[in-house]
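Okay, structure coming up:
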């Protein structure tokens, strides 16, 4: 029997997107090589490089980037709809990974973009893959919109940050989603927890967050018919409150008003966090990986080594579950 086709949907996330490299490498090492790859924004870039067999080339290049190199690639513009055109950056990337027709790639690939004026979700499944990557990467306010096929296109993460639906449309029967959105609703969760009388599980659900403080951290198991001990609930709430207090205090200690990049970063994070949760509820993946990259900022592209290692480490922590999946899909796992 033919093994089910495996699809991997890579989320948007700006500089956090380098973690996709580590995730894909670690999954391949466990026998989970994708038959279908889709992505939004930086997820489209990493997905295209992987589909073309050029992921090692992309990794080598991004790991050499310094903060000065990143700013040298910023082609500032005072015209159009963004701070930078993105042309210089895309040309530098194309030098590393090439630019092939999507139809010729050995792995099925698609990128998501957004029509600036209609809000339509645009699926890019043919033509030069760097054109698709550029169209998918127009972070609002940062990159100028890209004119493609009679439309002004902006970042695919505006409508579908983790394109699971496109993955299935391209033939994937089992989909792993890699979600790099950063939850920004700690304060809302804290207020909800207090309003619900200290019930941590209820608070997390009402705030739209997972019931544990980490994607890999299981919830405390209660005895049958019980909600959990008072000590367990107190410990969880104490951790939440400590995180929120630290975050709030860090903002209070700032004496200046937020700058342009900070405002854009926060707005994009809020948008992607909310949209990602909504889309994954409507188009659920079979498995979701969520590496913790909470301290990465919008333009931290020079921190590639750290992000790649975070992605790789997250997959290693999920090893038992992923090895079972590889066996289920009839794929070769890591050597014994």
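In my numbering, the protein residues as written are 25 to 360. Ideal Cβ placement from N, Cα and C applies to all residues, glycine included.
query	result
Whole-angstrom distance between residue 52 and residue 129, CA atom to CA atom	18 Å
Helix, strand or coil at residue 34 according to DSSP, with G and I counted as helix	strand
Integer Cβ distance of residue 325 from residue 75, believed to fall under 8 Å	Not confirmed; about 21 Å, so no contact.
Same chain, Cβ closer than 8 Å to residue 360, five either side skipped, listed in chain order	At residue 360 the pLDDT is 46, less than 50, meaning the model places this residue with poor confidence; the figure from the coordinates comes in the next sentence. Correct list: empty, nothing qualifies.
One or two residues paired with residue 176 in a DSSP bridge	171
Where residue 69 sits in the DSSP three-state scheme	helix
Reduced DSSP secondary structure (H/G/I, E/B, other) of residue 197	coil
Cutoff 8 Å; reference residue 157; Cβ partners in own chain excluding five residues on either side	68, 69, 72, 114, 117, 135
Three-state class that DSSP yields for residue 90 in the structure shown	coil
6 Å Cβ shell around residue 181 - same chain, five flanking residues per side excluded	36, 64, 65, 296
Range of the contiguous alpha helix (DSSP H) that encloses residue 52	43-53
Spatially closest choice to residue 328 from 94, 29, 59, by CA coordinates	94
From 347, 205, 308, residue whose alpha carbon lies closest to that of residue 320	205
Within 8 Å, strictly: CB atoms of residue 300 and residue 185	yes
Buried/exposed call for residue 287, threshold 16 Cβ in 10 Å	exposed
Three-way DSSP call (helix, strand, coil) for residue 26 in this model	coil
Bounding residues of the alpha helix (DSSP H) (the contiguous stretch that carries residue 313)	Not the alpha helix (DSSP H): residue 313 falls in the beta strand (DSSP E), residues 311-313.
Residues that DSSP places opposite residue 135 in a beta bridge	63, 148
Residue 171, buried or exposed, once every other Cβ within 10 Å from all chains shown has been counted against 16	exposed
Best match in 335, 306, 322 for proximity to residue 294 [C-alpha to C-alpha]	322
Nearest-angstrom Cα separation, counted from residue 120 out to residue 27	33 Å
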